[in-house]
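Worksheet for the structure shown next.
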Amino acid sequence: MHPAPLAATTRGYPDTGYAVENIHYGSVAVVDAGGRLLYSSGDPDFMTFTRSALKPFQALPFVLDDGPARFGLARDELALLCASHSGEDKHVAGVRAILDKIGVDESHLVCGCAVPLFYDFTGQPVPPDARFTPVHHNCSGKHSGFLAWCRLHGAPLDNYVAPEHPLQRAVRATLADCVQMDEAQLPTGLDGCSAPNFAMPLARLAHLYARLAQGANDPRLGAAMGDLFDAMTARPDLVSGSERTDLHWMDAGGGDWVAKIGADAVQAIGIRSAGIGIAIKVADGNVRALHPAVYSVLDQLGLLDAERRSLLDRYRSPAIKNARGTVAGDIRPVFTLQPA
2 MHPAPLAATT
12 RGYPDTGYAV
22 ENIHYGSVAV
32 VDAGGRLLYS
42 SGDPDFMTFT
52 RSALKPFQAL
62 PFVLDDGPAR
72 FGLARDELAL
82 LCASHSGEDK
92 HVAGVRAILD
102 KIGVDESHLV
112 CGCAVPLFYD
122 FTGQPVPPDA
132 RFTPVHHNCS
142 GKHSGFLAWC
152 RLHGAPLDNY
162 VAPEHPLQRA
172 VRATLADCVQ
182 MDEAQLPTGL
192 DGCSAPNFAM
202 PLARLAHLYA
212 RLAQGANDPR
222 LGAAMGDLFD
232 AMTARPDLVS
242 GSERTDLHWM
252 DAGGGDWVAK
262 IGADAVQAIG
272 IRSAGIGIAI
282 KVADGNVRAL
292 HPAVYSVLDQ
302 LGLLDAERRS
312 LLDRYRSPAI
322 KNARGTVAGD
332 IRPVFTLQPA
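Using my numbering, read the sequence shown as starting at 2 and increasing by one per residue.
In structure tokens:
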């Protein structure tokens, strides 16, 4: 199987109509909590680097070892361990609180430094006198969790992102067990924040989120999955940030949906009430095609009532505008989910 057309971009005029200009291919997998494929488009086994959609499961070894209780981390701080945050004041303060509780400082973070995502997503200018440190990086919450695992186990803080560091071996082994694959079957790549990242069939990522959505009802990892689900759904604003898609998906879900985006157009969503997980990958990594595809999947699965349609309408078929703000076309989904 191969990726299928997921979204098309169009161009034209309102009075003469719009013609297709570009087609973005990709794949969708919808899986139940037992791992059974229910619906798909394209290739549900497309080997996909999970990118930041993996973050809750990179925090899982720390949670399984009772790390949050050991260091007195609050639910909000656990949400930050799973976050691709926007570097807003609340995010920075939360990460600093975690570092303080585990007895390290910002100098130990090796995620790098970047301009906070807040400015891109809100359209606000970066202040000319702004100064940023690694704690502003969208992955600093994940990295604070990495350091917390090291402190919990007395592991070296230096080079904690090295693939053979005890922390990363624990993450890889836990993940392999969760997806029921041999560790050697999980291709490893270097993520944007310098941590190892893993690829897996798209349907396996969907299954992870189906299990995460079941939380405490997961037969093997119930308590840990419950803690992660509860933290993410209670504070989606910490998991993402202002005007971010994961915040909007989870707000629309009203505590029933857990969502996590990954770089290069990966999205995973777990729906507790439906007992399903959804994973989507746009093959060319173009994120503009991702959000209409996510909306369409939710719509085709019957998960959008009138209120949710209103909350998420911006993603249904977003307009393409030119430099004057004139609508030149749109981005529209072009696929139909097929039953397995």
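Heads up, the beta-carbon is just placed ideally off N, CA and C, and yes, glycines get one too.
Query: Residues near Tyr120 by beta carbon distance below 8 Å, same chain, minus five either side; Result: Pro126, Val127
Query: Contacting residues, own chain, Cβ-Cβ under 8 Å from Ala20 (five flanking each side not counted); Result: Thr11, Arg12, Gly13
Query: Where Leu187 falls, given that 16 or more other Cβ within 10 Å makes a residue buried; Result: buried
Query: Helix, strand or coil at Ser145 according to DSSP, with G and I counted as helix; Result: helix
Query: Closest residue to Ala196 among Ala70, Ser85, Val162 (Cα-Cα distance); Result: Val162
Query: Rounded Cβ spacing between Gln268 and Ser42 (contact assumed at less than 8 Å); Result: Wrong, their Cβ atoms sit about 13 Å apart, outside the cutoff.
Query: Top-ranked residue by Cα proximity to Leu305, from Arg333, Asp257, Gly286; Result: Asp257
Query: Cutoff 6 Å; reference Arg236; Cβ partners in own chain excluding five residues on either side; Result: Asp77, Ala80
Query: Where Gly190 falls, given that 16 or more other Cβ within 10 Å makes a residue buried; Result: exposed
Query: Proximal residues to Lys345 (C-beta, below 7 Å), its chain only, five neighbours per side dropped; Result: Absent from the structure is residue 345, since the part of the chain shown begins at 2 and ends at 341.
Query: Given Ala34 as reference, the closest of Val105, Arg221, Gly73 once Cα atoms are compared; Result: Arg221
Query: Contact between the stretch 153-169 and the stretch 270-279 (3+ Cβ pairs under 8 Å); Result: no
Query: Residue(s) in a DSSP beta bridge with Asp331; Result: Ala320
Query: Neighbourhood of Ser318 by C-beta distance below 7 Å, restricted to the same chain and skipping five residues each side; Result: Pro293, Asp331, Ile332, Arg333
Query: 7 Å Cβ shell around Gly68 - same chain, five flanking residues per side excluded; Result: Ala149, Trp150, Leu153
Query: For Ala253 and Asp90, the rounded distance between their alpha carbons; Result: 24 Å
Query: Start-to-end residues for the alpha helix (DSSP H) that takes in Phe263; Result: Looking at the sequence provided, one finds Gly at residue 263 rather than Phe. No alpha helix (DSSP H) holds Gly263; the beta strand (DSSP E) holding it covers 258-263.
Query: Range covered by the beta strand (DSSP E) that runs through Tyr161; Result: Unbroken run through Tyr161: none, as it is neither H nor E.
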